[in-house]
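Heads up, the sequence shown is in full-length UniProt numbering, so the first residue is 1 and it goes up one at a time.
Single-structure report; data block below.
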Amino acid sequence: MIHAHITAWLVALILFFVALSLNKSGKEKGAKIVQMVLRVFYLLIIATGVMLLTRVAHIDWKYTLKAVAGLWVIGTFEMILSRVKNNRRTSVFWIQFVVAFALALYLGFAVLPMSFLHP
Ligand code: HEM
Numbered sequence: 001m002i003h004a005h006i007t008a009w010l011v012a013l014i015l016f017f018v019a020l021s022l023n024k025s026g027k028e029k030g031a032k033i034v035q036m037v038l039r040v041f042y043l044l045i046i047a048t049g050v051m052l053l054t055r056v057a058h059i060d061w062k063y064t065l066k067a068v069a070g071l072w073v074i075g076t077f078e079m080i081l082s083r084v085k086n087n088r089r090t091s092v093f094w095i096q097f098v099v100a101f102a103l104a105l106y107l108g109f110a111v112l113p114m115s116f117l118h119p
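Now the structure itself:
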């Protein structure tokens, strides 16, 4: 399940940058399609994340923060894409994206015990 989780957010990350560059180069139709696929991956990230949570005997604040950070990353993806589409400033959301993504990676890889290295 951890592999599925990592695959889901890695693919989402790639799709996010593809949608972003399509948007920026004015290929709106392509961007729309990629964004629809991206939204399916949000569901996969959340589903695999919740499945991992069901394995945890006691969900403490670290797990809660991990889930919040993950959902926050997804929120920033959506905000950045919609603001780029409307030619609005995105810097505030890029900062949030970096913070939330770093937090999710740190908690996932360095703090919480499950790992794809020792499943
Ligand atoms: C883009 C968003 C997300 C990113 C980048 C992300 C990243 C990660 C990473 C790097 C790991 C550790 C993998 C490993 O050690 O092999 C992990 C594990 C985990 N993630 Fe996420 N995640 C995201 C979203 C979510 C969401 C939305 C949830 C909850 C609904 C969630 C719940 C979990 C859980 C429970 C684990 C297992 C933690 C453990 O016990 O080690 N994640 N995630």
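In this text, a Cβ means the ideal position worked out from N, Cα and C, and glycines have one as well.
Is it true that the CB of phenylalanine 41 sits closer than 8 Å to the CB of alanine 67? Residue mapping note: residue 67 aligns to position 67 of the sequence shown, counting from 1. Residue mapping note: residue 41 aligns to position 41 of the sequence shown, counting from 1. For the pair alanine 67 and phenylalanine 41, the CB atoms are not nearer than the 8 Å cut-off.
Give a single yes or no on whether tyrosine 101 has its beta carbon closer than 7 Å to a heavy atom of ligand 1. Start at 1 with the first residue of the sequence shown, and residue 101 comes out as number 101. The sequence shown places phenylalanine at residue 101, not tyrosine. Between ligand 1 and phenylalanine 101, a heavy atom-to-CB distance of less than 7 Å is present.
Taking the alpha-carbon positions, what's the alanine 19 to isoleucine 45 distance? In the sequence shown, the residue the question calls residue 19 occupies position 19. In the sequence shown, the residue the question calls residue 45 occupies position 45. Cα to Cα, the separation comes out at about 18 Å.
Please find out if some non-hydrogen atom of ligand 1 comes closer than 7 Å to the beta-carbon of isoleucine 74. Along the sequence shown, read from residue 1 onward, the residue named residue 74 stands at position 74. A heavy atom of ligand 1 is found nearer than 7 Å to the CB of isoleucine 74.
Does isoleucine 59 come out as helix, strand or coil in the three-state DSSP assignment? In the sequence shown, residue 59 corresponds to position 59, counting from 1. Isoleucine 59: coil per DSSP, three-state reduction.
Looking at serine 115 and ligand 1, is the gap between the Cβ and the nearest heavy atom below 7 Å? Within the sequence shown, the letter at position 115 stands for residue 115. At least one heavy atom of ligand 1 is nearer than 7 Å to the Cβ of serine 115, so yes.
How far does the alpha helix (DSSP H) with threonine 54 in it reach, from first residue to last? Reading the sequence shown from its first residue, position 54 is the one you call residue 54. Threonine 54 -> alpha helix (DSSP H) spans 28 to 54.
Which residue from Arg89, Asp60, Thr54 and Leu105 puts its Cα closest to that of leucine 71? For this step, residue 71 is matched to residue 71 along the sequence shown. Among Arg89, Asp60, Thr54 and Leu105, the Cα nearest to that of leucine 71 belongs to Leu105.
Near glutamine 35, which residues of its chain fall below 7 Å by C-beta distance, leaving aside the five closest residues on each side in sequence? On the sequence shown, residue 35 is found 35 positions in, with the first residue counted as 1. Result list for glutamine 35: Ala19 and Leu81, in chain order.
Using the rule of at least 16 other Cβ atoms within 10 Å of the residue's Cβ for burial, across every protein chain shown, is asparagine 23 buried or exposed? To locate residue 23, count along the sequence shown from 1; it is residue 23. The residue is buried, with at least 16 neighbouring Cβ atoms inside 10 Å.
Measure the C-alpha to C-alpha separation of phenylalanine 77 and alanine 57 and round it to an integer number of angstroms. For this step, residue 77 is matched to residue 77 along the sequence shown. For this step, residue 57 is matched to residue 57 along the sequence shown. Each residue's alpha carbon lies about 31 Å from the other.
Pick from Ser91, Pro113 and Gly108 that is closest to isoleucine 6, judged by C-alpha positions: For the purposes of this step, residue 6 is taken as residue 6 along the sequence shown, with counting starting at 1. Comparing Cα positions, the closest option is Gly108.
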